[in-house]
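Shown next, in structure tokens, is the structure this report addresses.
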Amino acid sequence: MKVTTDQIDFLESLIDQGIELAATHPTMGTFDIRADEVGPFLADPDLFIATSFGVSKETLRGYNEFWNGFQCIGTTQQGVQCKSYAPNGHYVDSPKLFHPANTNCYCKIHQKQAREKLH
Ligand SMILES: [Zn+2]
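Per the working numbering, the sequence shown starts with residue 580, numbered consecutively.
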């Protein structure tokens, strides 16, 4: 959705009158949004949020999946994602922290392997 300059001005006039703008996204919950951010958010909410964290949409998607029960991102010997419980998963509290070098993204078995890989 294209938001025109006039529409942004209108939204800013609402904000000047004490009306707040908020958006909702699975990663963020509900958060304040500026008038000039409404267009980019509506165009692609996932890209907007991913960009705000400095990560790709793919990383953001993986992060959201990870938070659904802290499923280990390690790979089993069968070549599939482990998905066992990652006991320190709650420390991965930002999409920026969701990456293969972060040992908190793994179950106890894969955590050990990931740690060995780093050294
Ligand atoms: Zn695992």
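Cβ atoms here follow ideal geometry from the backbone N, Cα and C, with glycine treated the same way.
All of these numbers come straight from a predicted model, not from anything done at the bench.
Review point. Between L626 and R613, what straight-line distance do the alpha-carbon atoms span, to the nearest angstrom?
Key: 16 Å
**Study point:** Burial state of F645, where buried means 16 or more other Cβ atoms lie within 10 Å
**Key:** Per the 10 Å Cβ criterion, buried.
Check your understanding: For A680, which residues of its own chain have a beta-carbon under 6 Å away from its beta-carbon, when the five flanking residues on both sides are left out?
Key -> none
Practice item. Excluding the 5 residues preceding and the 5 following H604 in the sequence, name in chain order all residues of the same chain whose CB lies nearer than 7 Å to its CB. Key: P624 and I628
Exercise for review: With a threshold of 7 Å, establish whether the CB of C684 neighbours any heavy atom of ligand 1.
Suggested key: no
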